[in-house]
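Residue numbers (my numbering), protein chains in the order written: chain A, 1 to 311; chain B, 312 to 701.
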């Protein structure tokens, strides 16, 4: 558990981060979203003490971060940044093994961990281990950056706009990968973005920051359904709200028995996918795949009813 | 249209070299003088000896120039340079004894302007042909070793001992060895001292912008002082130190000699070393440095694992500048009793003995050339980061 307790950073009399408190549960993704200048990067950098807080405290599993030497603290907190920051003169293996090397792991342990992570990220170890970052595509470089941040099995992974430099398609794939890896490893992640879409898709919790203050902290559904301030509402986007809400609800929630024409959707699809399928093919209902008991269906009317509940 | 085809079949620099070379063939190739001081009489290449002796050399020179001018077979251009060089030395080796024959006991023969200019043309041709082939660093090292071995063989075999410069050498063997050691000591010693001072200073300048803004202009200013003036300034300063600081004189510190020359060279070296250290360390990508800090590297680990390895080629390029510059500047040390090859140059100037000047100048040029090539090879070898593959 990560406890952020009344943390503040003042630069030249102005508070970049103003008395922010929040709790991040172990094994969850918290996405901090805000416009540029909202203080989200400063908040993140205070957690691994790249920036020293003016006041307040961060505790990881109960221990205050201020009690430890900064460079030792940082070795147990993963850190991935936009533009990956890989060392151009080191191979992929040496880049990923950088923190274990700092922690004096044995060569065999480092090698095994590097191969494990490359496999996890769908990069064939034998093919990629000895390449240099310049020989990789942007998406591969970004994955190596994430692997490096995960290498020493950190208590916490901080990610500062990790997908900012990727094109939309690769970005979507990277987000899915991160979700999958996080669930597989049970990592605790704090991720920064300025993209509400990304926040809603990735976060177990979303924290919205505005002018240094934490204006709302809750589940994606809460943020979309009940924005605490006008700023949050603007970030969510009024026009997009019903669709964003539907994207958070799986089809399984309102699936019913009954026949439907056409191609079936997978059970983990969202209501937004179902609505899109209905509209695009002019159907009033779409079939949904199910284990065991044959396909169910989702109707346009039930999607509409669900959207009107606004939660 | 025959024009595009012929344009690619011929090498433009090769054509220039061929034109220049053929013109230079009619300039005096060697001189014959009555003694080592007087100006000699210039002789053209075909007049050195009988046609049986000169014909092969002349043919090799012309063939070398023609091979160099074409652009169809690029390795042949390199071969042309080698054949041309063989021709040049063939003419010298065959011409010298023929000219001395019956010319008197004090007569001296030397290569003349034509020889030196043609030597230059063939070396440039060789450099151009090599640049076209772009060999890797190890192959370049091998070629350099081969060139030096051939040169050593040529000098050691005694076939050039009839030349005036060889006679100047023969009468100064021990002085030449001492001068060589002193010259190397000045050039490499000042390089080492400059590196010892310059690297830490460069690292400090990299970290502290205020220090950088003070130090770099000061070093630039030092660099603008003309070398003769710099050596001159050292005389009173070190003379005073030698006379007034106890123990300084026993360390060899005095107004003239090794100490002022060494100190002046170190001062000249600081700007390239410090400047390139700062530039090299700044070459590390900011995102990589941010990541290094974020993953828990200490200041020292960032320097050793990220900044220095990435900046090493630029750092070495700084040392290359210093080494080549100091090998040349050390000649001027001869003027204030610093020793080195400059001693021969200035003695030669005083005696108007051209070949004595060359005895100092030629090894200096060779030393600078070899150092530059070796340092370039080192820079290539440490460039560990591969370029992006297409």
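Quick reminder that beta carbons are idealized off the backbone N, C-alpha and C, glycines included.
Residue i by DSSP, collapsed to three states: which one?
i: residue 579/B; result: helix
i: residue 250/A; result: strand
i: residue 469/B; result: coil
i: residue 270/A; result: strand
i: residue 564/B; result: coil
i: residue 3/A; result: strand
i: residue 21/A; result: strand
i: residue 115/A; result: helix
i: residue 687/B; result: helix
i: residue 109/A; result: helix
i: residue 541/B; result: helix
i: residue 159/A; result: strand
i: residue 312/B; result: Because the pLDDT at residue 312/B is just 42, under 50, the model does not fix this residue reliably, and the value given afterwards should be weighed accordingly. In the structure shown, residue 312/B sits in coil (DSSP, three-state: anything other than H, G, I, E or B).
i: residue 121/A; result: coil
i: residue 439/B; result: helix
i: residue 187/A; result: coil
i: residue 239/A; result: coil
i: residue 557/B; result: coil
i: residue 549/B; result: helix
i: residue 165/A; result: coil
To the nearest angstrom, how far is it from the Cα of residue i to the Cα of residue j?
i: residue 134/A; j: residue 73/A; result: 30 Å
i: residue 552/B; j: residue 37/A; result: 60 Å
i: residue 126/A; j: residue 87/A; result: 20 Å
i: residue 446/B; j: residue 392/B; result: 16 Å
i: residue 313/B; j: residue 674/B; result: Note on residue 313/B: pLDDT 45, under 50, position unreliable in the model; no value is reported.
i: residue 670/B; j: residue 655/B; result: 7 Å
i: residue 646/B; j: residue 678/B; result: 20 Å
i: residue 290/A; j: residue 101/A; result: 47 Å
i: residue 530/B; j: residue 577/B; result: 11 Å
i: residue 597/B; j: residue 138/A; result: 17 Å
i: residue 385/B; j: residue 325/B; result: 11 Å
i: residue 682/B; j: residue 631/B; result: 8 Å
i: residue 416/B; j: residue 342/B; result: 16 Å
i: residue 118/A; j: residue 178/A; result: 13 Å
i: residue 688/B; j: residue 637/B; result: 19 Å
i: residue 542/B; j: residue 497/B; result: 14 Å
i: residue 621/B; j: residue 608/B; result: 16 Å
i: residue 449/B; j: residue 22/A; result: 60 Å
i: residue 337/B; j: residue 425/B; result: 8 Å
i: residue 187/A; j: residue 156/A; result: 7 Å
i: residue 29/A; j: residue 206/A; result: 9 Å
Excluding the five sequence neighbours on either side, which residues of its own chain have a C-beta within less than 6 Å of the C-beta of residue i, listed in chain order?
i: residue 58/A; result: 4, 47, 65
i: residue 376/B; result: 329, 332
i: residue 55/A; result: 8
Provide the residue(s) that pair with residue i in DSSP beta bridges, ordered along the chain.
i: residue 209/A; result: 34/A, 214/A
i: residue 338/A; result: Coverage of chain A is limited to positions 1 through 311, which leaves residue 338/A absent and any answer about it impossible.
i: residue 421/B; result: 342/B
i: residue 180/A; result: In the DSSP output, where bridge partners are listed per residue, residue 180/A has none listed.
i: residue 288/A; result: 265/A, 296/A
i: residue 193/A; result: 33/A
i: residue 256/A; result: 297/A
i: residue 321/B; result: 381/B
CB-CB under 7 Å to residue i, same chain, minus the five flanking residues each way: which ones, in chain order?
i: residue 45/A; result: 51
i: residue 323/B; result: none
i: residue 317/B; result: Unreliable placement is indicated for residue 317/B, whose pLDDT of 48 sits below 50; the coordinate value is still reported in the next sentence. Here the set comprises nothing.
i: residue 470/B; result: 404
i: residue 633/B; result: 502, 505, 580, 583, 584
i: residue 193/A; result: 31, 33, 161, 199
i: residue 407/B; result: 420, 473, 474
i: residue 547/B; result: 566
i: residue 307/A; result: 242, 245, 246
i: residue 210/A; result: 34, 38, 231
Excluding the 5 residues flanking residue i on each side, which residues of the same chain have their C-beta closer than 8 Å to its C-beta?
i: residue 700/B; result: In this prediction, residue 700/B scores a pLDDT of 39, lower than 50, which makes its location untrustworthy; no coordinate-derived value is stated.
i: residue 663/B; result: 348
i: residue 256/A; result: 296, 297, 298, 299, 302
i: residue 489/B; result: 650
Inset, instruction - Please specify which runs of the alpha helix (DSSP H), each continuous and at least 4 residues long, are wholly inside the stretch 48-105 of chain A, giving them in chain order. - result: 70-75, 92-96, 98-102
Inset, instruction - Only counting runs of 4 or more residues, tell me where the alpha helix (DSSP H) segments fall wholly within the stretch 323-409 of chain B, in order along the chain. - result: 323-335, 362-380
Legend entry - Entirely enclosed alpha helix (DSSP H) segments - the stretch 595-681 of chain B, minimum 4 residues: 597-605, 610-613, 619-644, 653-662
Inset, instruction - Report the residue ranges of all alpha helix (DSSP H) runs contained in full by the stretch 464-523 of chain B; include only those spanning at least 4 residues, in chain order. - result: 475-481, 484-518
Inset, instruction - Go through the stretch 129-157 of chain A residue by residue and report every complete run of the beta strand (DSSP E) that reaches 3 residues or more, in order. - result: none
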